[in-house]
Amino acid sequence: MRKPVPSRVNEDEIYRRIYGAVLDHRLQPGTKLKEVALAEVFRANRNVIRKVLMRLAYNRLVALRPNRGAVVASPSIEESRDLFAARRAVEAAIVDAVTRKIAPSETKALRALTASERDAYRRGELRKALKLSLKFHQQLATIAGNGVLAEFLDQLIARTPLVVLAYRGRGTDTTCSIDEHSQIVDAIVRGDAASAVAAMTSHLRGLEGQLDLNDNAESPTDLGTLFGADED
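Reading the sequence shown from the start, the letters are residues 10 to 241 in this note's numbering.
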């Protein structure tokens, strides 16, 4: 009887690496995640891989299809719109809380984070810049001190790259604006909660606005219309 393949990495590490690939835009929506291939890559048995895929599915990053295996989730247009609406609501509450309680040391940390993000963009290190951009939003949630909001935001942020990859317009740079991050921090430092919330809301609407979320984006192609002109 063949013994189980010893795993080089544990379940949490495999989850972290696949999760990170989604955040980094390295896994496209609809990509097949075959158990056998993943087991070979990570030198893990398939039971461990199944557990990882179930965790990813629970967080809506993976779709488990009966008898067809797992694929990276492909969010619908409605789900994508709902996700951004949820982010606006959650991050408005977070920014409001941060404005009312932020400490000088936390302000300094946010300034340093936006500076690092700006430097990464200038050097063309886009993957690093993206990670820092996501960290900016997560750091605000940490400062707010509401664990439930922070956990909810983590889930929403994890699903955002799938929406961006599925619906970004051609030639569109769908990344967070560094200047807008700085404007949010400026409003927070002034103690102007209303302006901070407005800046965050505008920031997220701007990101959503870069995506092609028109209803006709999901309409199937009519073959009669497509090839009818060939008969003339």
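We put the beta carbon where it would ideally sit given N, CA and C, even for glycine.
Asked	Found
Gly39 versus Val81 - alpha carbon distance	5 Å
Backbone secondary structure at Ala2 - three-state DSSP	Outside the shown range of the chain, which is 10 to 241, sits residue 2, and nothing can be said about it.
The region 192-207 / the region 157-165 touching (three or more Cβ pairs under 8 Å)	no
Inter-residue Cα distance where the pair is Ile27 and Thr169	15 Å
Beta-bridge partners of Leu36, as assigned by DSSP	Answer is none; Leu36 lacks a bridge partner.
Endpoints, the beta strand (DSSP E) within which Ala72 is located	Val71 to Arg74
Buried or exposed (CB count within 10 angstroms, at least 16 for buried), Tyr67	exposed
Asp21 to Phe51 span [Cα, whole Å]	12 Å
Close beta carbons around Asn223, own chain, < 6 Å, minus the five adjacent residues each side	none
Selected residue, minimal CA-CA separation from Met209, among Leu119, Ser142, Gly133 and Ala101	Ala101
Contact between the region 52-62 and the region 103-111 (3+ Cβ pairs under 8 Å)	no
Cut-off 8 Å between Cβ atoms - residues of its own chain near Arg1, not counting five sequence neighbours on either side	There is no way to answer for residue 1, as the model of the chain reaches only from 10 to 241.
Start and end residues, beta strand (DSSP E) containing Gly215	Unbroken run through Gly215 is the alpha helix (DSSP H), Ala202 to Gly218; no beta strand (DSSP E).
As assigned by DSSP and simplified to three states, the class of Ala46	helix
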